[in-house]
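In our numbering, the protein residues as written are 48 to 208.
Just so it is clear, CB atoms sit at the ideal spot from N, CA and C, and this is done for glycine as well.
The structure appears below as structure tokens.
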Amino acid sequence: MDDDAGLAEHAAIGRQVGRFIRLSERLFATLKWSDAGRGLERPAYVLLSRIAVDGPFRMSALATEVALDLSTVSRQVGALEAAGLVRRATDPTDRRASLVEVTDLGRDVFAENRARWLAMWQELLAGWTPEERQIFAALFTQLNQTLAEKLPGTSSERDAR
């Protein structure tokens, strides 16, 4: 491959990834979240999803997991706790520490919002053939795995959920 052509392809991919990030942020903001989850900031919902899928977590481990500052995680977990979506429990391996775990309400809110998210993707990709969706899923998975390998402390298996 010619170096100029390769550079142009990489630049085009970079532009499209940037555009995807911007558009997906806007799309996320338009979704109608469940009543119990209404008013949650996006970082709080991201935390809820990580806790519901892979929790419970110590606060420091959760901050590392989502690549946010511990003070941001503490504030957002406080909002989740106030909404009744998570609770703190004693860490059985170290009784001085606590774990953040999802409540039944939090699990329900997460499941309802995840269903909305998936329905939105079904609608967006409705005009694609099954083969196109499979190819896109495989390539997007490959990109995410490559990213996960480049980032310290990232688990590609967990991040895929």
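Nearest by alpha-carbon distance to VAL124: which of ARG142, ALA58, PRO139 and THR150 is it? Within the sequence shown, numbered from 1, the residue matching residue 124 stands at position 77. When each option's Cα is compared against that of VAL124, the closest is THR150.
8 Å contact criterion, which ARG97 and GLU112 should meet: CB distance rounded: The sequence position of residue 97 within the sequence shown is 50, counting from 1. The sequence position of residue 112 within the sequence shown is 65, counting from 1. Yes, they are in contact, since the Cβ atoms of ARG97 and GLU112 sit about 6 Å apart, within 8 Å.
Take the Cβ of VAL120 as the centre, count every other Cβ of all protein chains shown within 10 Å, and call the residue buried at 16 or more, exposed below. Within the sequence shown, residue 120 is the residue found at index 73, counting from 1. VAL120 comes out buried.
For a test of the three-state rule: what should DSSP assign to ALA55, helix, strand or coil? Along the sequence shown, read from residue 1 onward, the residue named residue 55 stands at position 8. Of the three classes helix, strand and coil, the one that applies to ALA55 here is helix, per DSSP.
Does the contact criterion of 3 or more C-beta pairs under 8 Å hold for the stretch 97–107 versus the stretch 153–160? yes
Quick one: what's GLU148 bridged to in DSSP? Counted from its first residue, the sequence shown places residue 148 at position 101. Answer is ARG134, bridged to GLU148.
Alpha carbon to alpha carbon, how far is ALA114 from LEU74? Give it in angstroms, no decimals. Along the sequence shown, read from residue 1 onward, the residue named residue 74 stands at position 27. Along the sequence shown, read from residue 1 onward, the residue named residue 114 stands at position 67. Roughly 22 Å separates the two Cα atoms.
Coil, strand or helix - ASP141 by DSSP: For the purposes of this step, residue 141 is identified with residue 94 of the sequence shown, where counting begins at 1. ASP141: strand per DSSP, three-state reduction.
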